[in-house]
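Colleague: So that we are looking at the same thing, I have put the structure below in structure tokens.
In my numbering, the protein residues as written are 32 to 142.
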């Protein structure tokens, strides 16, 4: 797979196989092969950008239309929230879990 149109075509086939019932052995083999090819293509063409936890928090606050003040009492005092958003303090595991619950996302987003 070398082009975006090929990638999209393979994705469409993979989606069909994902929701198909009673796959044959050949279809299961094709499914496994497509998963590998798609993963390789995505790794090469869509590398994951490393994002800092405070950047994730800043984005979630902006995207949710809330303010830092809304998180006071949920993950700490006004000062703690401000320091977390400004990257002057690192999120601990408990805060990551609480924020993940609050924003309904996986806590691993903050790692």
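Backbone N, C-alpha and C define an ideal beta-carbon position, used for all residues, glycine too. All of these numbers come straight from a predicted model, not from anything done at the bench.
Out of 86, 130, 70 and 84, which has the shortest C-alpha to C-alpha gap to residue 101?
Modeller: Within the chain shown, the letter at position 70 stands for residue 101. For residue 101, the nearest C-alpha among the options comes from 130.
Colleague: What residue does the alpha helix (DSSP H) around residue 14 start on, and which one ends it?
Modeller: Outside the displayed span of the chain (32 to 142) sits residue 14, for which this structure offers no information.
Colleague: If we ignore side chains and look at the alpha-carbon of each, how far apart do residue 141 and residue 127 end up?
Modeller: Locating residue 141 in the chain shown gives position 110, counting from the first residue. Locating residue 127 in the chain shown gives position 96, counting from the first residue. Using only the alpha carbons, I get a separation of about 6 angstroms.
Colleague: My assumption, with CB atoms under 8 angstroms, is that residue 48 sits in contact with residue 61. Please give the rounded CB distance.
Modeller: Against the chain shown, residue 48 aligns to sequence position 17. Against the chain shown, residue 61 aligns to sequence position 30. Contact flag correct, Cβ pair sits at about 7 angstroms.
Colleague: How about residue 99 and residue 111: are their beta carbons less than 8 angstroms apart?
Modeller: Within the chain shown, residue 99 is the residue found at index 68, counting from 1. Within the chain shown, residue 111 is the residue found at index 80, counting from 1. No, the pair does not count as a contact, with Cβ atoms beyond the cut-off.
Colleague: Whether or not the segment 74-87 and the segment 51-61 are in contact is what I'm after, with contact meaning three or more pairs of Cβ atoms, one per stretch, closer than 8 angstroms; do they touch?
Modeller: No, they do not touch.
Colleague: Report the rounded CA-to-CA distance for residue 104 versus residue 79, giving the unit in angstroms.
Modeller: Here the question's residue 104 lines up with position 73 in the chain shown. Here the question's residue 79 lines up with position 48 in the chain shown. Taking the straight line from one Cα to the other gives about 33 angstroms.
Colleague: Considering only their Cβ atoms, is the gap separating residue 38 from residue 184 smaller than 8 angstroms?
Modeller: Only positions 32 to 142 of the chain appear in the structure, and residue 184 is not among them; the question remains open.
Colleague: Decide if residue 136 is buried, meaning its Cβ has at least 16 other Cβ atoms within 10 Å, or exposed.
Modeller: The residue given as residue 136 occupies position 105 in the chain shown. Result: exposed.
Colleague: Taking just the CA atoms, how far does residue 138 sit from residue 132?
Modeller: Working through the chain shown from its first residue, we reach residue 132 at position 101. Working through the chain shown from its first residue, we reach residue 138 at position 107. About 8 angstroms.
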